[in-house]
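All you need for my numbering is the position in the sequence shown, starting with 1, plus 709.
Note that the Cβ used here is the ideal one computed from N, Cα and C, for glycine as well.
Worksheet for the structure shown next.
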Amino acid sequence: MSTTYKKSANETKHANNSEHRRFVLIDASGIVVGRLAAYVASLLRGKNKTVFTTHCITGDFVIITNASKAIFTSDKYNTKKYHRHTGFPGGLKTLTPKQLCYKNQAYKILEDAIRGMLPHNTLGREMFRNLRVFNESNHGHDAQNPILIDFATLNRKNSVK
């Protein structure tokens, strides 16, 4: 005698990598760096979606413009330090955000902040590839019809006036 079991209607459905992904455009002018980085990291992971799965990339493609106009609170613009090493003895290089902006590398400030908030594994590196940061307002992704998110209006602490 065999028994058959009926499948329930509430089965778990795993997300497909290509479903539900969109392009999102965020203007960073006047926005606090840490708050923007936390929000973008959750968008890249896909935590804002119902199909979020920890082992899949379900996040959106994020485009950030005007990275050079993002701001720090207090005096971090002059005192915060970013370290990197060249690989040679005595090759420790230290730069402040002010120096990075002077060298037209302000996008690295946001990239470093967002990279630190993503998982530190292969999946996190793959999520990071879905991020594009530009110093100016022009970007080459008009063909993707990105959805504009006004980040400053989501919370009054997101921007400093």
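My output table needs one value for residue i: the three-state DSSP class, helix, strand or coil.
{"i": "Val869", "result": "coil"}
{"i": "Phe797", "result": "coil"}
{"i": "Val760", "result": "coil"}
{"i": "Leu745", "result": "helix"}
Please work out which residues of its chain come closer than 6 angstroms, Cβ to Cβ, to residue i, disregarding the five sequence neighbours upstream and downstream, and give them in chain order.
{"i": "Thr803", "result": "Lys790 and His792"}
{"i": "His850", "result": "Ile772"}
{"i": "Asn813", "result": "none"}
{"i": "Ser846", "result": "Thr774 and Asn775"}
When the Cα of residue i is compared with those of the options, which residue comes out closest?
{"i": "Ile858", "options": "Glu845, Tyr748, Ala852 and Val742", "result": "Tyr748"}
{"i": "Pro855", "options": "His764, Phe770 and Asn719", "result": "Phe770"}
{"i": "Phe843", "options": "Val741, Gln853 and Ile818", "result": "Ile818"}
{"i": "Glu820", "options": "Ala750, Arg754, Phe781 and Gln808", "result": "Ala750"}
{"i": "Tyr811", "options": "Lys870, Lys778 and Gly755", "result": "Lys778"}
{"i": "Leu827", "options": "Ala815, Gly755 and Val733", "result": "Gly755"}
{"i": "Ile780", "options": "Phe761, Thr759, Lys758 and Ala737", "result": "Ala737"}
Could you name the residues of the same chain whose beta carbon sits closer than 8 angstroms to that of residue i, not counting the 5 residues immediately before and after it, in chain order?
{"i": "Thr805", "result": "Tyr786, Asn787, Thr788, Lys789, Lys790 and Tyr791"}
What is the residue span of the alpha helix (DSSP H) that residue i lies within?
{"i": "Val741", "result": "Counting along the chain, Val741 falls outside any alpha helix (DSSP H), and DSSP gives it neither H nor E."}
Would you give the residue range spanned by the beta strand (DSSP E) that residue i belongs to?
{"i": "Leu863", "result": "Element bounds for Leu863: n/a, residue is neither H nor E."}
Can you give me the Cβ contacts of residue i inside the same chain, cut-off strictly under 7 angstroms, excluding the 5 residues immediately before and after it?
{"i": "Gly800", "result": "His794"}
{"i": "Asn867", "result": "Ile740, Val741, Arg744, Phe860 and Ala861"}
{"i": "Ala822", "result": "Val742, Gly743 and Ala746"}
{"i": "Arg824", "result": "Phe837"}
{"i": "Lys758", "result": "His729 and Thr767"}
Q) Can you give, in chain order, each stretch of the alpha helix (DSSP H) that sits fully within the region 762 to 811 and has at least 4 residues? A) Annotation: the region 762 to 811 contains the following complete segments of the alpha helix (DSSP H) (minimum length 4 residues), in chain order: 785 to 788 and 806 to 811.
**Q.** Sequence ranges, alpha helix (DSSP H) only - wholly within the region 812 to 859, length at least 4
**A.** Within the region 812 to 859, the complete alpha helix (DSSP H) segments at least 4 residues long are 816 to 826 and 831 to 837, listed from N- to C-terminus.
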